[in-house]
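Here is the structure we will look at.
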Amino acid sequence: MFQPVGKPSPASVIIAPGGAFLGLEMDKEGWEVARWFANHGVTAFVLKYRTLPTPPDQKVFVAELDKMIAGKTAAFAPPADTPPEALADGIAALRHVRASAVTYGIDPQRVGFMGFSAGGFLTRSVVERGGVDRPDFAAPIYPNMAAMTVPADAPPMFVAIAADDFLLARQQGVPLLDSYRAAGKSIEFHLFSAGGHGFGAGPDDSPEEGWMELMYRWMRTQGLLQTEKK
14 MFQPVGKPSP ASVIIAPGGA FLGLEMDKEG WEVARWFANH GVTAFVLKYR TLPTPPDQKV
74 FVAELDKMIA GKTAAFAPPA DTPPEALADG IAALRHVRAS AVTYGIDPQR VGFMGFSAGG
134 FLTRSVVERG GVDRPDFAAP IYPNMAAMTV PADAPPMFVA IAADDFLLAR QQGVPLLDSY
194 RAAGKSIEFH LFSAGGHGFG AGPDDSPEEG WMELMYRWMR TQGLLQTEKK
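My numbering puts the last residue of the sequence shown at 243; the count rises by one with no breaks.
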């Protein structure tokens, strides 16, 4: 948990780092982002969710990872979608934060979920399959951009990705955006001119610099930050 600095807002966000479900980029896509939100009055939680088994020896892991990146046969590979263990951990996190809302000083009806890369896959999954536990707002960042099943009570969604991201290149158009719009649900979409995959909080002097300010403004316009919800 990262406690808010200054006047706290009622909103909170659970952050799921990326890592292809083989590891977790806890710093760049977890703690750094959580500190930013906390410094803007939003209570943040970094989720350490379960990943797939990998070799315990770091040298072996790196060697196999290099094979995988090069397209060669390796001892492991990223899954096509969110593994059930990761989804269970995402749902458990939502339940925990809501159950502890009084302790954390947050609104249990303004709990968001965001994630990067694999964490973005997980964000989609908690929206699609979270049932009564699904988040109140969602922000998959450079996620799987394929079409998704949008539930009737889908929360507002914020999406950001770079035009040269390999995950976007897998699709014709932007099926994720089309799915949400076809369901009549609220979605804000930012396509940056460049940045590749894994830009995290957005490096200075890059096209994606300041994207978290855009998300924060979106949260405000959604009525998530005000003491009284819109």
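Quick reminder that beta carbons are idealized off the backbone N, C-alpha and C, glycines included.
Assigned exposure category for residue i - 16 Cβ within 10 Å defines buried
i: LYS243; result: Bear in mind that the predicted position of LYS243 carries a pLDDT of just 47, short of 50, making it too unreliable to give a figure here.
i: ILE12; result: The requested residue 12 is not part of the displayed model; the chain covers only 14 to 243.
i: PHE179; result: exposed
i: ALA175; result: buried
i: ASP149; result: buried
i: GLU77; result: buried
i: GLU38; result: buried
i: PHE15; result: buried
Option nearest residue i by Cα separation, candidates the options
i: THR162; options: TYR193, GLU77, THR95 and THR56; result: TYR193
i: TYR62; options: PHE34, ILE154, PRO216 and LYS85; result: PHE34
i: ILE104; options: ARG142, ALA160, ALA176 and ASP218; result: ARG142
i: GLU42; options: PRO121, GLY133, GLU98 and LEU65; result: GLY133
i: PRO275; options: TYR229, GLN71 and GLY209; result: Only positions 14 to 243 of the chain appear in this structure, which leaves residue 275 out of reach.
i: ASN52; options: LYS20, LYS80 and VAL75; result: LYS20
i: THR234; options: ALA93, ASP79, PHE171 and LYS72; result: PHE171
Distance between beta carbons of residue j and residue i, contact taken as under 8 Å
i: GLY125; j: ILE200; result: Incorrect: roughly 14 Å between the Cβ atoms, too far for contact.
i: VAL59; j: ALA214; result: About 13 Å; that fails the 8 Å criterion.
i: ARG147; j: PRO169; result: 12 Å between Cβ atoms; not a contact.
i: GLY128; j: THR136; result: 4 Å
i: VAL140; j: LEU100; result: Contact doesn't hold; Cβ gap of about 11 Å is too wide.
Residues that residue i bridges to, as DSSP identifies them
i: LEU204; result: ILE174
i: GLY128; result: ALA29 and PRO153
i: VAL59; result: ILE28
i: GLY134; result: Residue identity check: residue 134 is Phe in the sequence provided, not Gly. DSSP output for PHE134 lists no bridge partner at all.
i: PHE15; result: ALA57
Contact under 7 Å by Cβ, residue i with residue j
i: ARG123; j: LEU227; result: no
i: GLY54; j: SER22; result: yes
i: TRP224; j: ALA173; result: yes
i: GLY31; j: SER130; result: yes
i: ALA196; j: ASP177; result: no
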